[in-house]
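Asks: Please see the structure below; I have some questions.
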Amino acid sequence: MDFDPSTYQEISFDAILPAKDLIKQIKENNHDNKYPLVMDIGCGPGNTAKLLAKELNPEHIVGVDIDPDMIAFAKQHNAMANTDYYVQDISQEWNQWDKSLQKLAGKVSIIFSNYALHWVRESEIAAQNMAKLLANNGIIVIDILYCGDIYRNAGTDERRAELERRLRYPSEQEVIGQWVTAFKSAGLNRIDIKYWEPKSIYPIKVYNEFIQWPVNWYKQFLTDSTGNEDMDKVLRELILTDRARKMSEKSPKGEDLIEIKQELWNFVIKK
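Have a look at this one:
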């Protein structure tokens, strides 16, 4: 994914509100308010682990992320006495996991993941691993971001057909459906789902950098990289048309602002 950890920590505006909403759902579904072990999947630079520590006061937090640079940053800048960070791909087969993490099987009381699982292609393996980690009466509280149906902004039928030929990203139904199926296949059938559209406000110059991340999500599904159009440029334009609204207000620093709409599915899964 090639995210710069310090940049991500500074500009992850869109992830804070959803993270707080997930934490609210944890509190609503865990009535004894005790959290022996919380795992943050896709912990990034460690900012959400700090938020979890503040809001839940767990005995122990384990943050995992596929990106070694993110974990190195988390250890350096967001270290806490009760927190450990590991480089780990959650869609890796269980027998290949870090041995220290394998020892947590059946012991994790809360599995948390915010703005991360849309990058996971092997949802069945990931769901099986989460089921293996989860303690009896444990809870999985996660969100799945859908980056949007940008075909609808393609313009002419001919241009849409050309885009569909070159870029075959999954539909929202396919993305969410595959996760539901994956959790059910892992023996986790008590699933509550909520859809909502959180909005975030960015300085335009900041979002011009951030937008590369959803661009990269779509580029995973390119079937044909040839053609006259620069796909990064095309995707940027389609994403902005789909989700962005320029605001009349300015930031306290006088910067032009943009409002971004996200499409987010929250899952609460009980063992």
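Residues 1 to 271 (full-length UniProt numbering) are what the sequence shown spells out, left to right. We put the CB at the ideal spot given by N, CA and C, even for glycine. Note that the structure is a prediction, hence the values are computed from the model and not measured.
#1: Beta-carbon separation of ASP256 and ILE204 under 8 Å?
#2: For TYR113, does the three-state DSSP call read helix, strand or coil?
#3: If you draw a straight line from the alpha carbon of GLN173 to that of ASN29, how long is it in whole angstroms?
#4: What residue does the alpha helix (DSSP H) around TRP217 start on, and which one ends it?
#5: Relative to the alpha-carbon of GLN102, which residue among GLU124, ASN129 and ALA74 has its alpha-carbon at the smallest distance?
#6: On the premise that ASN82 lies in contact with ALA19, defined as a C-beta separation below 8 Å, what is that separation, rounded to the nearest angstrom?
#7: Using 10 angstroms around the beta-carbon of ALA182, count the other beta-carbons present and answer buried if the total reaches 16, otherwise exposed.
#8: So the candidates are ASP89, TYR146, LEU104 and ILE258; which of them puts its Cα closest to the Cα of VAL206?
#9: With DSSP as the reference, please indicate the residues paired to LEU134 in a beta bridge.
#10: Are the CB atoms of ASN78 and ALA54 within a distance shorter than 8 Å?
#11: Quick check: what's the CA-CA separation for ALA126 versus PRO252?
#12: So TRP196 and LEU264 are supposed to be a Cβ contact under 8 Å. How far apart are they, rounded?
#13: Closest to LEU235 by CA distance: which of ASP98, ILE176, ASN216 and LYS246 is it?
#14: Assuming contact is defined by CB atoms lying nearer than 8 Å, are LEU167 and LEU222 in contact in what I supplied?
#15: Going by C-alpha to C-alpha distance, which of ILE269, ILE150 and ASN136 sits closest to TYR218?
#16: Which residues in the same chain have their Cβ closer than 6 Å to the Cβ of ASP89, if we skip the five residues on either side of it in sequence?
Replies: In brief:
#1: Within the sequence shown, the letter at position 256 stands for residue 256. Within the sequence shown, the letter at position 204 stands for residue 204. Yes, Cβ-Cβ distance for ASP256 and ILE204 is below 8 Å.
#2: In the sequence shown, residue 113 corresponds to position 113, counting from 1. Checking the sequence, you will find Ser at residue 113 rather than Tyr. Strand, per DSSP.
#3: Taking the first residue of the sequence shown as position 1, residue 173 is located at position 173. Taking the first residue of the sequence shown as position 1, residue 29 is located at position 29. So the alpha carbons of these two residues sit roughly 26 Å apart.
#4: Counting from 1 along the sequence shown, the entry for residue 217 is found at position 217. Per DSSP, TRP217 belongs to the alpha helix (DSSP H) from 212 to 219.
#5: Here residue 102 refers to the residue found at position 102 of the sequence shown. Nearest C-alpha to GLN102: ASN129.
#6: For the purposes of this step, residue 19 is identified with residue 19 of the sequence shown, where counting begins at 1. For the purposes of this step, residue 82 is identified with residue 82 of the sequence shown, where counting begins at 1. Not confirmed; about 19 Å, so no contact.
#7: Locating residue 182 in the sequence shown gives position 182, counting from the first residue. When all chains shown are included, ALA182 counts as buried.
#8: The sequence position of residue 206 within the sequence shown is 206, counting from 1. Comparing Cα positions, the closest option is ILE258.
#9: On the sequence shown, residue 134 is found 134 positions in, with the first residue counted as 1. Answer by DSSP bridge pairing, in chain order: VAL108.
#10: By one-based count along the sequence shown, residue 54 stands at place 54. By one-based count along the sequence shown, residue 78 stands at place 78. The amino acid occupying residue 54 in the given sequence is Lys; Ala does not appear at that position. No.
#11: Here residue 126 refers to the residue found at position 126 of the sequence shown. Here residue 252 refers to the residue found at position 252 of the sequence shown. About 42 Å.
#12: For the purposes of this step, residue 196 is taken as residue 196 along the sequence shown, with counting starting at 1. For the purposes of this step, residue 264 is taken as residue 264 along the sequence shown, with counting starting at 1. TRP196 to LEU264, Cβ: 6 Å. Contact.
#13: In the sequence shown, counting from the first residue as 1, residue 235 sits at position 235. Cα-wise, what sits closest to LEU235 is ASN216.
#14: One-based indexing of the sequence shown puts residue 167 at position 167. One-based indexing of the sequence shown puts residue 222 at position 222. Yes, they are a contact pair.
#15: By 1-based counting over the sequence shown, the position of residue 218 is 218. The shortest Cα separation from TYR218 among ILE269, ILE150 and ASN136 belongs to ILE150.
#16: By one-based count along the sequence shown, residue 89 stands at place 89. Closer than 6 Å at the Cβ level, and outside the excluded window around ASP89, lie ILE66.
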